[in-house]
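Novice: Mapping the sequence shown onto my numbering, position 26 (from 1) lands on 27, and the numbers just tick up by one. Here a beta-carbon is modelled for each residue, glycine too, at the ideal position from N, C-alpha and C. Predicted model only: the values in this text are computed from it and were never measured.
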Amino acid sequence: MKCLICNNEELTEVFKQVPTYIWTGISCSMEKYKTILYQCSKCSHIQQNINKDLEDKLEKIYLSNEAQLSTGFSESNWGGAENAVYIG
Ligand SMILES: [Zn+2]
């Protein structure tokens, strides 16, 4: 894996979480994915190594007709109070 910004090959793992769903609070039939973040030793950019399978699925989601639909907040209401200012 190379840095997306400067192509440096020295990356350090800085965050690792158990496999998780793509969206917070949604646990329907979707698959879980590794959540590992790396930091470049040269430019400090933090990035994730996204494999082709996940990239294809994200592209399919973002290009779908439902991509721009709003969804209700999850049980945790993460960010709900902050967003309520804007959406009422
Ligand atoms: Zn870099």
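Kindly indicate which three-state DSSP category leucine 55 falls into: helix, strand or coil?
Specialist: In this structure, leucine 55 counts as helix in the three-state DSSP scheme.
Novice: Counting C-beta neighbours from all protein chains within 10 Å, is the total for tyrosine 39 16 or more, i.e. buried, or is it exposed?
Specialist: When all chains shown are included, tyrosine 39 counts as buried.
Novice: Please indicate yes or no: does the CB of isoleucine 6 lie closer than 6 angstroms to some heavy atom of ligand 1?
Specialist: Yes - ligand 1 has a heavy atom lying nearer than 6 angstroms to the Cβ of isoleucine 6.
Novice: Measure from the C-beta of leucine 38 to each C-beta in chain B and report whether the shortest distance is under 7 angstroms.
Specialist: The structure shown contains no chain B, having only a single protein chain.
Novice: To the nearest angstrom, report how far apart isoleucine 27 and cysteine 44 are at their CA atoms.
Specialist: Since pLDDT at isoleucine 27 reaches only 48, below the 50 mark, its modelled position is unreliable, and the value read off the structure follows with that caveat. Spanning the two alpha carbons is a distance of roughly 34 angstroms.
Novice: Using a 10 Å radius around the Cβ and a threshold of 16 neighbouring Cβ atoms, would you call cysteine 93 buried or exposed?
Specialist: The question about residue 93 has no answer, for the chain in this structure spans 2 to 89.
Novice: State yes or no: is the C-beta of asparagine 50 within less than 7 angstroms of the C-beta of methionine 2?
Specialist: Yes, they are a contact pair.
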